[in-house]
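Top to bottom, those sequences are chains A and B.
So the first sequence is numbered by our numbering: it starts at 74 and just counts up by one.
So the second sequence is numbered by our numbering: it starts at 74 and just counts up by one.
All C-beta atoms, glycine included, are put in the ideal place defined by N, C-alpha and C.
Just so you know, these numbers come straight off a predicted model, no measurement behind them.
Report on one structure; see the data block that follows.
2 protein chains.
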Amino acid sequence: MTANAVQADSRPSPRKRAGNGAAPRDVADDVGLDALVGHAGYAVRRFQIWIFQDFIKTLGEVDIRPTQYSVLTVIGANPGLSQMAVAKRLGIERARLVHLLDSLEQRKLVKRTKSKEDRRSHALHLTAQGETALAKFKRLAAEHERHVEAKIGKENRAQLLRILAGFT
Amino acid sequence: MTANAVQADSRPSPRKRAGNGAAPRDVADDVGLDALVGHAGYAVRRFQIWIFQDFIKTLGEVDIRPTQYSVLTVIGANPGLSQMAVAKRLGIERARLVHLLDSLEQRKLVKRTKSKEDRRSHALHLTAQGETALAKFKRLAAEHERHVEAKIGKENRAQLLRILAGFT
DNA sequence: GAAAGATTGTTGTTGACGACAACAATTGCC
DNA sequence: GGCAATTGTTGTCGTCAACAACAATCTTTC
């Protein structure tokens, strides 16, 4: 956050008026980026920060973060998957997935069952409660996507998804 | 990492052959994403991971990470800036910038000078060594951008920059 | 059939990173 | 001059990725 011209900043009036401390004019408003502009990584990073924060805010009422959402979605679409499979598919460390599942299991959204085919692994399923919850999460996620459309434009969002389809 | 079809994975042969442990076929190769496809945030996250790793690898020989590069670039383009100004411009916590500058100052790339206009703040400048170093960093960064072009296509990269220009 | 090697889930450590809170020094406003 | 605000700094907390090590289990191989 503390972005630049992005969304509603914390300064309603341009110039910030007087009344507080130093800073003749609002500092760093016209700092040249120069070489930074034109770097794909920088733009993507800033956008990613924005989009994640909107996701977190939009799904805030149900307390679901992007990674949790992706885990639930994959399990919901592929019941019985092992932790290894989920981790591999989402590019998450399996060590990290352990904590994620601990949290989701405490909330009664996911269930770990000992697999009978491979007793090392756990078969992952959504609970009944998890199913209905995920349905709600998906509605909120769709709302979040509409925010993205409102931010960058419907056409541009579609373009973006097309360009980055190979990374999904 | 541990992406999917992204760059050179750690498995040269498709199917991974036998010779090791379990997994009849390489697990999680055809796991349905379904609902995850079509989420801008997910695609952007995966892309951002890829692009940062390529940046880190390409600038690995000089040991410069994306954030460090952005700090050096801004200071180089706007000598005399305060830490507050840099932090605000890049969306970095000023507390975080302290450590970043500590590191860059130890490496003799940046110099903190007590500002005479405002004795609370530090004026930031590149050292002579920092100038020449940054020139090299920029060449490597340009090489990184070429990797991005090779990955998603020249046209698509330009599209991306245009779409996300508002976040820069 | 048994040993050797690999995989799965788990725990723990490390380091980068963002969000906050508190503090001394300094500045601007009244 | 006094008070509020800003700047740089330090420290804490929580998230997250990258590793390493371990027990249990499976596959391969002899």
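{"Item": "Status (buried if at least 16 other CB within 10 Å, exposed otherwise) for A/R118", "Value": "buried"}
{"Item": "Cβ of A/E218 within 8 Å of any chain B Cβ", "Value": "yes"}
{"Item": "Environment of A/V144 [buried if 16+ CB atoms lie within 10 Å]", "Value": "buried"}
{"Item": "Neighbour-count burial assignment, A/R230, 16 or more Cβ in a 10 Å radius", "Value": "buried"}
{"Item": "Opening and closing residue of the beta strand (DSSP E) in which B/H112 lies", "Value": "Here B/H112 belongs to no beta strand (DSSP E), and DSSP marks it neither H nor E."}
{"Item": "Bounding residues of the alpha helix (DSSP H) (the contiguous stretch that carries A/A208)", "Value": "201-225"}
{"Item": "Helix, strand or coil at B/K184 [DSSP, three-state]", "Value": "strand"}
{"Item": "Interface residues of chain A facing B/S242 [CB-CB closer than 9 Å]", "Value": "The question about residue 242 of chain B has no answer, for chain B in this structure spans 74 to 241."}
{"Item": "Interface flag, A/G133 vs chain B, CB-CB below 8 Å", "Value": "no"}
{"Item": "Residues that A/P139 contacts on chain B, provided the C-beta gap is smaller than 8 Å", "Value": "G114, Y115, R118"}
{"Item": "Three-state secondary structure (DSSP) of A/L154", "Value": "strand"}
{"Item": "Chain A contacts made by the region 218-236 of chain B, where a contact means CB separation under 7 Å", "Value": "E218, V221, I225, N229, R230, Q232, L233, L234, I236"}
{"Item": "Cβ-based neighbour list, B/A206, same chain, cut-off 7 Å, excluding 5 preceding and 5 following", "Value": "L182"}
{"Item": "Integer Cβ distance of B/V159 from B/I148, believed to fall under 8 Å", "Value": "7 Å"}
{"Item": "Amino acids of chain B, ordered along the chain, whose beta-carbon sits closer than 8 Å to that of A/I148", "Value": "In chain order: nothing, as chain B lies at least about 10 Å away."}
{"Item": "In DSSP terms, what A/H195 is bridged to", "Value": "A/K187"}
{"Item": "Residues near B/R138 by beta carbon distance below 7 Å, same chain, minus five either side", "Value": "I129"}
{"Item": "Residue closest to A/K187, alpha-carbon to alpha-carbon, out of A/L177, A/E218, A/H198", "Value": "A/H198"}
{"Item": "Proximal residues to A/A214 (C-beta, below 8 Å), its chain only, five neighbours per side dropped", "Value": "F128, T131, L132, Y142"}
{"Item": "Per-residue DSSP class, three states only, for A/T241", "Value": "coil"}
{"Item": "Alpha carbon of B/H172 to alpha carbon of B/Q179, nearest angstrom", "Value": "11 Å"}
{"Item": "Burial state of B/R219, where buried means 16 or more other Cβ atoms lie within 10 Å", "Value": "exposed"}
{"Item": "Beta-carbon proximity of B/L163 to A/A116, cut-off 8 Å", "Value": "no"}
{"Item": "Minimum Cβ-Cβ distance from A/A196 to chain B less than 8 Å", "Value": "no"}
{"Item": "B/R169 in three-state terms, based on DSSP", "Value": "helix"}
{"Item": "Environment of B/A208 [buried if 16+ CB atoms lie within 10 Å]", "Value": "exposed"}
{"Item": "CB contact below 8 Å: A/I124 versus chain B", "Value": "yes"}
{"Item": "Coil, strand or helix - A/L163 by DSSP", "Value": "helix"}
{"Item": "Proximity test, Cβ basis, 8 Å: B/V110 and chain A", "Value": "yes"}
{"Item": "is_contact[B/G164, chain A] using C-beta, thresh 8 Å", "Value": "yes"}
{"Item": "A/D127 (DSSP reduced to helix, strand or coil)", "Value": "helix"}
{"Item": "Nearest to B/H112 (by Cα), restricted to the options A/I165, A/F125, A/Q156, A/R185", "Value": "A/F125"}
{"Item": "Close beta carbons around B/K224, own chain, < 6 Å, minus the five adjacent residues each side", "Value": "none"}
{"Item": "Min CB distance B/T200 to chain A below 8 Å", "Value": "no"}
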